[in-house]
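For what it's worth, our numbering labels the leading residue of the sequence shown as 9, then goes sequentially.
For glycine and all other residues, C-beta sits at the position ideal for the given N, C-alpha and C.
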Amino acid sequence: MAKVAKNKQMAVLNYIHKQVEDHGYPPTVREICSAVGLSSTSTVHGH
9 MAKVAKNKQM AVLNYIHKQV EDHGYPPTVR EICSAVGLSS TSTVHGH
């Protein structure tokens, strides 16, 4: 279970990093949800 959480955390971090590099600003929480396959915005805050 910890491995899955760590993979999701890395997916969130990598997505944020790429968006900042590409666009100069971070994505919204809803964009992060959509990009990494999370169903709830509160789940993003947990990662």
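I need the boundaries of the alpha helix (DSSP H) containing Gly54, first residue and last residue. Thr49 to Gly54
Is it buried or exposed for Lys35, if we count other Cβ within 10 angstroms and need 16 for buried? The sequence shown places Pro at residue 35, not Lys. Buried, since its Cβ has 16 or more Cβ neighbours within 10 Å.
Of the residues Lys16, Tyr33 and Asn22, the one placed nearest Leu46, counting alpha carbons only: Lys16
What three-state label does DSSP hand Tyr23 in the structure shown? helix
Do you know how far the Cα of Lys11 is from the Cα of Lys26? 22 Å
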